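In this note's numbering, the protein residues as written are 12 to 212. We put the CB at the ideal spot given by N, CA and C, even for glycine. Being a predicted model, the structure only gives us computed values, none of them experimental. Worksheet: one structure, shown below.
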């Protein structure tokens, strides 16, 4: 159950429905084969970047002299801004179509910053630094991998997903994702504030 909970949390942190909408827009002029190649590269990039952020979060905190709870508050605030963008339907620059001659969009902008934005980076850093056992790290790593793979399947089969959801359905799911992210950001902020106040007492 804990594994499933972490996986669902990571899945929503990746803002999958927003990224799917951006992916379909950016690759609208490409062939199905080209779109799937980009989807595979984007998922691999997301998986690698997520792993690096997760495992090196504690080192970042140590060298920068930032406490985990202070970063919780900062990451929660950034994540809240992302949630507000999703709920309000703000366009984060994903409206321009591309063709294969313009280069690979799998890493930039799909993996970064659309899938792994500042809020997601902050949440992964906090999660990695807060894992206090090898078992917890293994569980969270497997959950991250599962979430990214499910997200990748959405991109890989984007044509079929879009036929089922349509644009309107995708917009609704993106707004629901924003509400979930707002709740996660509030939890990060309140946990950080509570821990800081408790330590001061």
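Task: Alpha-carbon spacing of residue 189 relative to residue 26, whole angstroms - done: Taking the straight line joining both Cα atoms gives about 8 Å.
Open item on the list: Counting C-beta neighbours from all protein chains within 10 Å, is the total for residue 17 16 or more, i.e. buried, or is it exposed?
Closed with: That one is buried.
TODO: Taking the CB atoms as reference points, tell me whether residue 63 and residue 126 lie closer together than 8 Å.
DONE: Contact annotation: residue 63 and residue 126 have beta-carbon atoms that are not nearer than 8 Å.
Open item on the list: Can you tell me whether residue 61 sits near the ligand PLP, meaning its C-beta is under 7 Å from at least one heavy atom of the ligand?
Closed with: This structure does not include the ligand PLP; it has no bound ligands of any sort.
Open item on the list: Suppose the cutoff is 7 Å on Cβ atoms and the five residues either side in sequence are ignored; what does the same chain contact list for residue 13 look like?
Closed with: Apart from sequence neighbours up to five positions away, the residues of its chain that approach residue 13 with a beta-carbon distance below 7 Å are 150, ordered along the chain.
- [ ] Check whether the Cβ atoms of residue 57 and residue 161 lie closer than 8 Å to each other.
- [x] By the CB criterion at 8 Å, residue 57 and residue 161 fall outside the cutoff.
Task: residue 193 versus residue 204 - alpha carbon distance - done: Taking the CA atoms as reference points, residue 193 sits about 16 Å from residue 204.
Task: residue 202 beta carbon less than 8 Å from that of residue 20 - done: Inclusion of residue 20 and residue 202 in the CB contact set at 8 Å is not warranted, their separation being larger than that value.
Task: Among 147, 24, 33, 23, nearest to residue 170 - alpha-carbon criterion - done: Ranking the options by Cα distance to residue 170, first place goes to 33.
Task: Own chain partners of residue 128 with C-beta closer than 7 Å, once the 5 adjacent residues on each side are dropped - done: Result list for residue 128: 93, in chain order.
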